[in-house]
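Residues 9 to 346 in this note's numbering are what the sequence shown lists, from first letter to last.
A quick write-up on the structure given underneath.
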Amino acid sequence: MTVLVTGGAGFIGSHVCAELLANGGDDVVVVDNFSNSSQGALRALRVLTGRDVVLHQLDLRDNTELDRVFEQHEIDSVIHFAAKKSVRESLQIPLDYFDNNIAGMTSLLLCMVRHGVRRLIFSSSCSIYGDQSQGPIGEDSPPCPTNPYARSKLICEQILADTCARYDDFAVISLRYFNPVGAHPSGTLGESPLGIPSNVMPYIMQVAGGRLERLQVFGADYPTPDGSPVRDYIHVMDVAEAHCLALHYLADGPGLRVLNLGTGVGVSVLELVRAVEDTCNVVVPYEVVARREGDAASAVADPSLIDKEWGWRTSRDIRAMCKDAWLFQQLHPRGYVV
Ligand SMILES: NC(=O)c1ccc[n+]([C@@H]2O[C@H](COP(=O)([O-])OP(=O)(O)OC[C@H]3O[C@@H](n4cnc5c(N)ncnc54)[C@H](O)[C@@H]3O)[C@@H](O)[C@H]2O)c1
Numbered sequence: 009m010t011v012l013v014t015g016g017a018g019f020i021g022s023h024v025c026a027e028l029l030a031n032g033g034d035d036v037v038v039v040d041n042f043s044n045s046s047q048g049a050l051r052a053l054r055v056l057t058g059r060d061v062v063l064h065q066l067d068l069r070d071n072t073e074l075d076r077v078f079e080q081h082e083i084d085s086v087i088h089f090a091a092k093k094s095v096r097e098s099l100q101i102p103l104d105y106f107d108n109n110i111a112g113m114t115s116l117l118l119c120m121v122r123h124g125v126r127r128l129i130f131s132s133s134c135s136i137y138g139d140q141s142q143g144p145i146g147e148d149s150p151p152c153p154t155n156p157y158a159r160s161k162l163i164c165e166q167i168l169a170d171t172c173a174r175y176d177d178f179a180v181i182s183l184r185y186f187n188p189v190g191a192h193p194s195g196t197l198g199e200s201p202l203g204i205p206s207n208v209m210p211y212i213m214q215v216a217g218g219r220l221e222r223l224q225v226f227g228a229d230y231p232t233p234d235g236s237p238v239r240d241y242i243h244v245m246d247v248a249e250a251h252c253l254a255l256h257y258l259a260d261g262p263g264l265r266v267l268n269l270g271t272g273v274g275v276s277v278l279e280l281v282r283a284v285e286d287t288c289n290v291v292v293p294y295e296v297v298a299r300r301e302g303d304a305a306s307a308v309a310d311p312s313l314i315d316k317e318w319g320w321r322t323s324r325d326i327r328a329m330c331k332d333a334w335l336f337q338q339l340h341p342r343g344y345v346v
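Rendered as structure tokens:
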């Protein structure tokens with residue numbers, strides 16, 4: 009199979025590419041504009057797997073260039089990661105988020121339609137559920153996004169539903185990730201965003217590594233056991249495994265299927281700090297500051313549907329997430345050297 013991976017140089021995309029190349033020998037074609045990544049991840053992939061990925065450096069919204077990619081390769085399936093993902097930034101530049109995330113996806117879908125490609129896996133997000141602190145969140149929980157980033161993901165899912173309704177041979181699996189963290193256990197691949205990290209784990213790693221001074225914990229007055237926000241952290245290698253499985257399940261038939269990707273275990277930000285300190289034997293200075301607009305108090309998955317449908321569940325715990333992220337940080341103190 010030839011799999012087109014949009015955003016394949018990014019954190020999750022690069023780990024999925026590693027699994028695709030390592031497992032059944034799929035050919036991988038990456039499209040990325042490097043707006044939040046670098047060639048470093050692709051070099052690391054080569055070192056890790058001994059295989060090449062074909063790279064097309066372009067913006068998904070450039071449909072002429074994207075058409076050329078579909079002309080050059082016999083693409084069987086697409087995994088669509090490319091998006092902007094910072095909640096905070098999305099509040100500052102909402103239109104850029106809608107343009108990049110929604111126009112990027114419609115450009116991709118139009119191209120798929122033109123070239124007869126009908127299988128897609130979409131990176132969705134638990135953020136579309138909003139603030140549902142009552143307990144584990146199932147796929148049938150009503151969406152209630154609280155920021156433009158989350159709204160862009162929900163709108164993308166609605167567009168996918170309309171696409172499947174119009175094209176009855178279109179098969180889409182939308183995976184709603186909770187909080188992917190960690191790194192490849194070899195330390196070769198990991199999370200290396202450009203600029204100051206917007207996600208908590210790479211931020212903690214850079215604090216532990218001395219690159220950033222201290223972590224800011226946004227709010228310790230939430231209705232959670234220790235007052236800090238609770239999240240469902242999932243190891244990026246579990247996320248990667250689930251994508252490989254999803255590629256096979258796309259063959260089951262047309263339509264849109266939505267599945268949570270989480271562990272079902274809630275960990276507060278302060279617990280995450282302690283887990284990093286205990287597992288990696290480091291100190292993570294932090295300060296509690298005011299709540300951040302758009303953040304939910306708690307977001308923990310009910311992961312039972314994917315288990316029921318595919319017999320799959322996560323297998324890596326919070327210690328493995330911390331250990332692997334720290335190994336990557338130690339081997340790449342300044343991220344991938346560009
Ligand atoms: N990391 C998380 O915590 C998380 C949680 C839920 C959902 N997601 C979703 O998963 C996907 C991947 O996330 P990630 O953490 O790997 O992010 P990332 O920023 O590391 O990767 C995204 C990649 O897409 C590229 N990109 C962005 N816009 C593009 C465009 N218009 N054209 C071409 N390339 C473009 C970036 O350069 C980057 O390499 C995103 O869609 C994100 O919204 C991430």
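Ideal Cβ positions, reconstructed from N, Cα and C, are used throughout, including at glycine.
No experiment lies behind these values; they were computed from the predicted model shown.
Is the CB-CB distance between alanine 305 and aspartate 139 below 8 Å?
In the sequence shown, the residue the question calls residue 305 occupies position 297. In the sequence shown, the residue the question calls residue 139 occupies position 131. Contact: yes.
Whole-angstrom distance between proline 102 and methionine 120, CA atom to CA atom:
Taking the first residue of the sequence shown as 1, we reach residue 120 at position 112. Taking the first residue of the sequence shown as 1, we reach residue 102 at position 94. If I take the Cα positions, the gap works out to 26 Å.
Are there 16 or more other CB atoms within 10 angstroms of the CB of glutamine 142, so buried, or fewer, so exposed?
Position 134 of the sequence shown, counting from 1, holds the residue named residue 142. By the neighbour-count criterion, in which 16 or more other beta carbons inside 10 Å mark a residue as buried, glutamine 142 falls on the exposed side.
Count the other CB atoms within 10 Å of the CB of lysine 93; is the residue buried (16 or more) or exposed (fewer)?
Numbered from 1 along the sequence shown, position 85 holds the residue referred to as residue 93. Lysine 93 comes out buried.
Could you pull the start and end residues of the alpha helix (DSSP H) that glycine 33 belongs to?
Here the question's residue 33 lines up with position 25 in the sequence shown. Annotation: glycine 33 is outside any alpha helix (DSSP H) and is labelled neither H nor E by DSSP.
Specify whether the stretch 181-197 and the stretch 80-89 touch according to this definition: at least 3 beta carbon pairs, one from each stretch, less than 8 Å apart.
By the Cβ rule, the stretch 181-197 does not count as touching the stretch 80-89, because fewer than three pairs are nearer than 8 Å.
Among the candidates Glu295, Thr196, Glu73, Ile83, whose CA atom is the shortest distance from the CA of glycine 227?
Position 219 of the sequence shown holds residue 227. The shortest Cα separation from glycine 227 among Glu295, Thr196, Glu73, Ile83 belongs to Glu295.
Suppose you measure from the CA of serine 276 to the CA of tyrosine 241; what does that come to, to the nearest Å?
Residue 276 sits at position 268 when you count from the first residue of the sequence shown. Residue 241 sits at position 233 when you count from the first residue of the sequence shown. Whole-angstrom Cα-Cα distance: 10 Å.
Beta-carbon spacing of serine 115, asparagine 44 below 8 Å:
Counting from one through the sequence shown, the residue named residue 115 turns up at place 107. Counting from one through the sequence shown, the residue named residue 44 turns up at place 36. It is not a contact, given that the beta carbons lie outside the stated cut-off.
Measuring CB atoms only, is the stretch 204-221 touching the stretch 24-36, in the sense that at least three cross pairs come out at less than 8 Å?
Result no; under three Cβ-Cβ pairs closer than 8 Å.
What runs of the alpha helix (DSSP H), each 4 residues or longer, lie entirely inside the stretch 234-295?
244-257, 277-288
Backbone secondary structure at valine 121 - three-state DSSP:
Here residue 121 refers to the residue found at position 113 of the sequence shown. Reduced to three states, the DSSP call for valine 121 is helix.
Where the beta strand (DSSP E) through isoleucine 204 begins and ends:
Taking the sequence shown and counting its residues from 1, one reaches residue 204 at position 196. Element bounds for isoleucine 204: n/a, residue is neither H nor E.
Selected residue, minimal CA-CA separation from leucine 66, among Ser236, Ser323, Val77, Leu56
Working through the sequence shown from its first residue, we reach residue 66 at position 58. Nearest Cα to leucine 66 within the set Ser236, Ser323, Val77, Leu56: Val77.
Okay, do the stretch 323-343 and the stretch 153-163 touch, 3+ Cβ pairs below 8 Å being the bar?
no
Assess, as a yes-or-no matter, whether the stretch 244-259 is touched by the stretch 165-177 under the definition of 3 or more beta carbon pairs within less than 8 Å.
Fewer than three Cβ pairs drawn from the stretch 165-177 and the stretch 244-259 lie within less than 8 Å of each other, which leaves the two stretches out of contact.
Is arginine 69 closer than 8 Å to aspartate 60 when the C-beta atoms are compared?
Mapped onto the sequence shown, residue 60 falls at position 52. Mapped onto the sequence shown, residue 69 falls at position 61. No, these two residues do not count as a Cβ contact at 8 Å.
Using a Cβ-based criterion (distance less than 7 Å to any ligand heavy atom), does phenylalanine 106 qualify as near ligand 1?
Residue 106 sits at position 98 when you count from the first residue of the sequence shown. Every heavy atom of ligand 1 is 7 Å or more from the Cβ of phenylalanine 106, so no.
Histidine 340 (DSSP reduced to helix, strand or coil):
Numbered from 1 along the sequence shown, position 332 holds the residue referred to as residue 340. Of the three classes helix, strand and coil, the one that applies to histidine 340 here is coil, per DSSP.
What alpha helix (DSSP H) runs, 4 residues minimum, are completely inside the stretch 43-69?
48-57
Once you ignore the five residues that flank serine 206 on each side, which residues in its own chain have a CB closer than 6 Å to its CB?
Taking the sequence shown and counting its residues from 1, one reaches residue 206 at position 198. Here the set comprises Ser94.
Would you say the beta carbon of serine 43 is closer than 7 Å to some non-hydrogen atom of ligand 3?
This structure lacks ligand 3; the ligands present are ligand 1.
Could you tell me the boundaries of the beta strand (DSSP E) in which asparagine 187 lies?
Numbered from 1 along the sequence shown, position 179 holds the residue referred to as residue 187. Unbroken beta strand (DSSP E) run through asparagine 187: 187-189.
Compute the Euclidean distance between the alpha carbons of valine 345 and aspartate 40, then round it to the nearest angstrom.
One-based indexing of the sequence shown puts residue 345 at position 337. One-based indexing of the sequence shown puts residue 40 at position 32. Taking the straight line from one Cα to the other gives about 18 Å.
Glycine 272 to isoleucine 163, Cα distance in whole Å?
As a first step, residue 272 must be located in the sequence shown, where it is residue number 264. As a first step, residue 163 must be located in the sequence shown, where it is residue number 155. Between glycine 272 and isoleucine 163, the C-alpha separation is close to 25 Å.
Starting from phenylalanine 78 and walking both ways along the alpha helix (DSSP H), at which residues does that stretch end?
Taking the first residue of the sequence shown as 1, we reach residue 78 at position 70. Segment 71-80, the alpha helix (DSSP H) holding phenylalanine 78.
Cα-Cα separation between leucine 253 and methionine 209, rounded to whole angstroms
Here residue 253 refers to the residue found at position 245 of the sequence shown. Here residue 209 refers to the residue found at position 201 of the sequence shown. One C-alpha to the other measures close to 26 Å.
Alanine 259 to leucine 128, Cα distance in whole Å?
By 1-based counting over the sequence shown, the position of residue 259 is 251. By 1-based counting over the sequence shown, the position of residue 128 is 120. Using only the alpha carbons, I get a separation of about 11 Å.
With distances taken Cα to Cα, identify the nearest neighbour of leucine 339 among Gly274, Gly21, Arg300, His192.
In the sequence shown, the residue the question calls residue 339 occupies position 331. Taking only the C-alpha atoms, the option nearest leucine 339 is His192.
What residue range does the beta strand (DSSP E) around glutamine 142 cover?
Here the question's residue 142 lines up with position 134 in the sequence shown. Segment: none, glutamine 142 is in no beta strand (DSSP E) and carries neither H nor E.
Give the secondary structure of valine 215 by DSSP, where H, G and I count as helix, E and B as strand, and everything else as coil.
Within the sequence shown, numbered from 1, the residue matching residue 215 stands at position 207. Valine 215 falls in the helix class under three-state DSSP.
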